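Working notes, beginning with the structure itself.
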């Protein structure tokens, strides 16, 4: 069975290897997740991961980063 893009996104971390938390927002400058989300990613359900992924565009705007 072929994996859909949504299924792949659920399984894949948004980490890009730039691990630095922004002091003002608390979001990682590389992936826009919080430290708690980064630490808990492996234990999150697919729905929890998808909720984080859905929040990323707004967080990028807070950080002033275009993705």
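Numbering (my numbering), first residue to last: 327 to 393. Where is the CB? At the ideal position from N, CA and C, for every residue including glycine. This one's a predicted model, so the numbers in the text were calculated from it and none came from an experiment.
| request: Output the distance between the C-alpha atoms of residue 390 and residue 351, rounded to the nearest integer angstrom. | output: Position 64 of the chain shown, counted from the first residue, corresponds to residue 390. Position 25 of the chain shown, counted from the first residue, corresponds to residue 351. Straight-line measurement puts the Cα of residue 351 at about 11 Å from the Cα of residue 390.
| message | Can you give me the C-alpha to C-alpha distance between residue 335 and residue 349, rounded to a whole angstrom? | response | To locate residue 335, count along the chain shown from 1; it is residue 9. To locate residue 349, count along the chain shown from 1; it is residue 23. Its pLDDT being 49, under 50, residue 335 is placed unreliably by the model, and nothing is read from it.
| field | For residue 368, the first and last residue of its enclosing alpha helix (DSSP H) | value | As a working mapping, residue 368 is identified with position 42 in the chain shown. Run containing residue 368: none; DSSP gives neither H nor E here.
| query | In this structure, does DSSP put residue 379 in helix, strand or coil? | reply | As a first step, residue 379 is located in the chain shown; it is residue number 53 there, counting from the start. Residue 379: helix per DSSP, three-state reduction.
| CB contact check: residue 349 to chain C, cutoff 7 Å | Absence of chain C from the displayed structure is noted, only one protein chain being present.
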